[in-house]
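Asker: Protein sequences appear in the order of chains A and B. Numbering-wise, the first sequence is residues 4 to 305 according to my numbering. Numbering-wise, the second sequence is residues 4 to 305 according to my numbering. For glycine and all other residues, C-beta sits at the position ideal for the given N, C-alpha and C. Following this message is one structure expressed as structure tokens.
Protein chains: 2
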Amino acid sequence: MSLLTVGTVAFDSIETPYGKAEQVIGGACTYASYAASYLVKPINLVSIIGADFPPEELQAMEDRGVDLRGLEIKRNGKTFFWAGKYHTNMNQRDTLVTDLNVLDDFNPILPEDYKKSEFVLLGNLTPEIQEQVLDQLDGNQKLIALDTMNFWMDIALDKLIEVISRIDVLTINDEEARQLSGEYSLVKAAEKIHAMGPKYLVIKKGEHGALLFSEGEIFFAPALPLAEVFDPTGAGDTFAGGFMGYLAKSNDVTFSNMKKAIIYGSAMASFCVEKFSIEKLKNLTEEEIEARLDKFRALTHY
Amino acid sequence: MSLLTVGTVAFDSIETPYGKAEQVIGGACTYASYAASYLVKPINLVSIIGADFPPEELQAMEDRGVDLRGLEIKRNGKTFFWAGKYHTNMNQRDTLVTDLNVLDDFNPILPEDYKKSEFVLLGNLTPEIQEQVLDQLDGNQKLIALDTMNFWMDIALDKLIEVISRIDVLTINDEEARQLSGEYSLVKAAEKIHAMGPKYLVIKKGEHGALLFSEGEIFFAPALPLAEVFDPTGAGDTFAGGFMGYLAKSNDVTFSNMKKAIIYGSAMASFCVEKFSIEKLKNLTEEEIEARLDKFRALTHY
């Protein structure tokens with residue numbers, strides 16, 4: 004099966020209690036693609052960057068089986084840039100800089116063969132752009148997942164609800180699920196969000212793990228407790244990439260397989276936070292991933 | 004095996020977004036004893052109340068196998084009273100009233116046969132009183148668990164550390180684990196707390212579940228997502244009672260059995276929060292408890 008990932012490819016500057024990283028590779032689509040690359044090929048990437056993006060980083064993605072024909076390179080533009088600072092509580096961060104740059108002109112055009120990708124992961128973007136991608140798909144997708152955030156609920160709720168009605172899996176955090184549904188209880192929030200369209204709801208809770216809801220069924224995956232969470236940037240996107248990659252590889256969207264996919268995503272996210280940027284995600288071995296999955300089993304099974 | 008529970012038996016007045024309950028039965032020892040009563044007999048209770056405590060409530064506890072010979076009744080005193088109000092986020096509450104009343108004179112004297120209780124649960128009390136109980140035990144205990152809170156870390160840290168060095172299982176919440184250890188990472192906090200004495204550390208995270216640490220091993224149990232958390236008062240004590248009751252019943256303190264005990268405690272806590280006070284804990288059937296345990300398995304196993 005093939006996986007289409009649409010979202011940002013970016014530069015980040017990050018400060019955490021453990022150190023600083025300036026102008027490193029970031030972006031939801033980058034993290035998600037690396038995570039999924041351990042499971043499925045091809046990964047059809049759709050994004051936009053400027054001429055400042057290092058060619059060797061593109062090569063590294065291609066070497067991992069990421070198809071970059073859908074990546075637009077604006078020769079006169081600069082790549083999307085985000086700078087942020089995390090506090091001791093890594094669940095909280097301040098955004099210092101957001102330079103949209105080329106992202107302001109993002110007008111995703113899918114190469115013809117991308118349109119029949121069976122699995123689709125729409126990263127956090129304006130609901131208009133997410134809709135534009137949905138409109139280009141051939142309609143035979145097995146599963147479409149969409150990530151969004153409170154910002155779009157604040158300024159583009161109607162369009163967001165329209166887009167959400169067309170997808171299968173919504174991934175948001177707990178506060179966003181409460182905002183979108185108007186319900187404090189996540190169980191009640193899930194019911195209301197199911198009624199908006201998505202058969203599956205993934206609620207990401209950062210260091211407190213993730214919940215999967217579908218038609219009265221619930222599954223919970225913890226985050227792996229780590230001695231040091233070095234940099235949480237991209238953890239949610241890595242999780243989503245691992246989750247969708249696992250489903251695409253197994254071509255099985257039953258609830259019981261989704262549970263395994265959630266664990267796989269959590270395992271990949273646990274690697275992501277151990278180093279800055281995509282450093283840890285670039286060269287994982289099968290043994291490392293298997294050992295990490297064993298840790299999750301020990302952590303949750305009794 | 005027998006279980007000794009020492010702690011408060013109290014009146015509570017509680018306000019939650021779902022309603023109000025005035026002058027209802029509360030207290031850590033009450034909740035813990037009810038939870039454990041589904042597993043083990045006798046439960047040797049040590050606490051203090053005033054003449055205002057309803058005799059029928061004492062009878063109800065005795066009917067569930069709770070031995071009240073260690074319960075001091077001050078004929079001229081009033082029972083400990085706590086009033087609190089919860090916000091929409093049930094993890095936060097305001098204490099409105101704390102009337103220590105008879106608790107101010109609590110001087111626990113263990114009946115002779117209580118001193119050889121194999122399992123001991125020391126509820127949140129002044130470290131001095133907790134020490135007084137430890138001093139009376141015969142020294143042949145299988146497992147001693149102790150609950151405490153940030154308040155004692157603020158005002159009686161030295162004495163608390165002395166008491167902690169003498170017990171096997173410490174149960175605190177995540178912020179308290181951070182305060183006690185000076186480490187933000189819970190993995191590092193656990194290492195430091197193990198070095199203080201307790202072989203086991205249980206970190207309670209409310210709606211985000213609980214973590215069990217022991218010598219490099221970690222287990223995580225989620226809280227059951229519920230449509231309505233009616234009243235969280237006593238959930239932590241119910242959890243501790245279910246946990247220790249399970250261990251006492253099985254007389255097995257291996258890590259793998261502790262995992263099951265954590266799940267049992269979580270299941271009992273999930274009942275506790277469904278109604279005010281001890282209402283839901285008074286008359287559970289074996290079938291209800293089994294069905295709840297099945298829900299935990301579905302929630303966590305893959």
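Against T91(A), what residues of chain B qualify as contacts under a CB-to-CB distance less than 8 Å, listed in chain order?
Answerer: Close to T91(A), with beta-carbon spacing below 8 Å, are these residues of chain B in chain order: Y187.
Asker: K207(A) versus chain B: which residues are under 7 Å apart at the beta carbon?
Answerer: What K207(A) touches in chain B: nothing, since even the nearest Cβ is about 13 Å away.
Asker: Does L302(A) come within less than 9 Å of chain B when only Cβ atoms are used?
Answerer: yes
Asker: So for Y37(A), helix, strand or coil by DSSP?
Answerer: In the structure shown, Y37(A) sits in a helix (DSSP, three-state: H, G or I).
Asker: Below 7 Å on C-beta distance, what does P228(A) contact in chain B?
Answerer: Per Cβ cutoff of 7 Å: L189, V190, L214, I221.
Asker: For K307(B), does the count of other Cβ atoms within 10 angstroms reach 16, so buried, or fall short, so exposed?
Answerer: What the structure shows of chain B is the stretch from 4 to 305, and residue 307(B) is not part of that stretch, so it cannot be assessed.
Asker: I'd like to know if P211(B) contacts chain A, where contact means its C-beta is closer than 9 Å to some C-beta of that chain.
Answerer: Contrary to the premise, residue 211(B) reads as His rather than Pro in this sequence. For H211(B), the answer is yes, since a Cβ of chain A falls inside 9 Å of its Cβ.
Asker: If we define contact as Cβ-Cβ less than 9 Å, is V232(B) a contact residue for chain A?
Answerer: yes
Asker: Kindly provide the ranges of any alpha helix (DSSP H) runs that are 4 or more residues long and lie completely inside the stretch 136-222 of chain A, ordered along the chain.
Answerer: As far as the stretch 136-222 of chain A is concerned, its whole alpha helix (DSSP H) runs of at least 4 residues are 153-158, 160-167, 177-184, 189-198.
Asker: Taking the alpha-carbon of K207(A) as reference, which of K195(A), A198(A), H197(A), L189(A) has the nearest alpha-carbon?
Answerer: L189(A)
Asker: What is the DSSP secondary structure of T241(A), reduced to helix, strand or coil?
Answerer: helix
Asker: List, from N- to C-terminal side, the alpha helix (DSSP H) runs of 4 residues or more that fit wholly inside the stretch 69-136 of chain B.
Answerer: none
Asker: Please list, in chain order, the chain B residues whose beta carbon lies closer than 8 Å to that of I266(A).
Answerer: Near I266(A) (Cβ distances below 8 Å), the residues of chain B are Y305.
Asker: Is F109(B) near L128(B), with beta carbons less than 9 Å apart?
Answerer: yes
Asker: Spell out whether any CB of chain A is found under 9 Å from the CB atom of K283(B).
Answerer: no
Asker: Checking contacts by CB at 9 Å: is S259(B) closer than that to chain A?
Answerer: Answer yes: the Cβ-Cβ gap between S259(B) and chain A drops below 9 Å somewhere.
Asker: Mapping the DSSP letters down to three states, classify G226(A) as helix, strand or coil.
Answerer: It is worth fixing the name first, because residue 226(A) is Ala in this sequence and not Gly. Reduced to three states, the DSSP call for A226(A) is coil.
Asker: Distance, Cα to Cα, E194(B) vs E218(B)?
Answerer: 8 Å
Asker: Is D297(B) helix, strand or coil when you go by DSSP?
Answerer: Annotated three-state conformation of D297(B) is helix, per DSSP.
Asker: Could you work out which residues of chain B lie near P114(A), taking near to mean beta carbons separated by less than 9 Å?
Answerer: Simply none; closest approach about 35 Å.
Asker: Look at the alpha carbon of T301(A) and the alpha carbon of Y34(A), and state the distance between them as a whole number of angstroms.
Answerer: Rather than Thr, the amino acid found at residue 301(A) in this sequence is Ala. Answer to the nearest angstrom: the Cα atoms are 26 Å apart.
Asker: Can you grab the Cα-Cα spacing for the pair L61(A) / I281(A), in whole Å?
Answerer: 13 Å
Asker: For the beta strand (DSSP E) that F233(A) lies in, which residues bound it at each end?
Answerer: Per DSSP, F233(A) belongs to no beta strand (DSSP E) and is neither H nor E.
Asker: Could you check what DSSP says for N254(B) in three-state terms: helix, strand or coil?
Answerer: N254(B) falls in the coil class under three-state DSSP.
Asker: Which term fits H90(B), buried or exposed, when burial requires 16 or more other beta carbons within 10 angstroms of its beta carbon?
Answerer: It counts as exposed.
Asker: Check whether the stretch 284-292 of chain A touches the stretch 199-216 of chain A, taking contact to mean three or more Cβ pairs, one atom from each stretch, closer than 8 Å.
Answerer: Here the stretch 284-292 of chain A makes no contact with the stretch 199-216 of chain A; the two share fewer than three CB pairs at distances below 8 Å.
Asker: Rounding to the nearest angstrom, what Cα-Cα distance links R181(B) and A192(B) in this structure?
Answerer: 6 Å
Asker: E18(B) lies in the beta strand (DSSP E); which residues open and close that run?
Answerer: 13-19
Asker: Can you round the beta-carbon distance between L6(A) and M247(A) to whole angstroms, since I take them to be within the 8 Å contact cut?
Answerer: 6 Å between Cβ atoms; contact.
Asker: Classify T101(B) as buried or exposed, calling it buried when 16 or more other Cβ atoms lie within 10 Å of its own Cβ.
Answerer: Burial call: exposed.
Asker: What residue does the alpha helix (DSSP H) around L61(A) start on, and which one ends it?
Answerer: Counting along the chain, L61(A) sits inside the alpha helix (DSSP H) bounded by residues 58-66.
Asker: Between which two residues does the alpha helix (DSSP H) carrying E277(A) extend?
Answerer: Counting along the chain, E277(A) falls outside any alpha helix (DSSP H), and DSSP gives it neither H nor E.
Asker: Between the Cα of K81(B) and the Cα atoms of F56(B), N260(B), L74(B), which residue gives the shortest distance?
Answerer: F56(B)
Asker: Assuming L183(A) and I170(A) are in contact, meaning their beta carbons sit under 8 Å apart, how far apart are those beta carbons, in whole angstroms?
Answerer: Not quite, the Cβ-Cβ distance comes to about 13 Å (not below 8 Å), so this is no contact.
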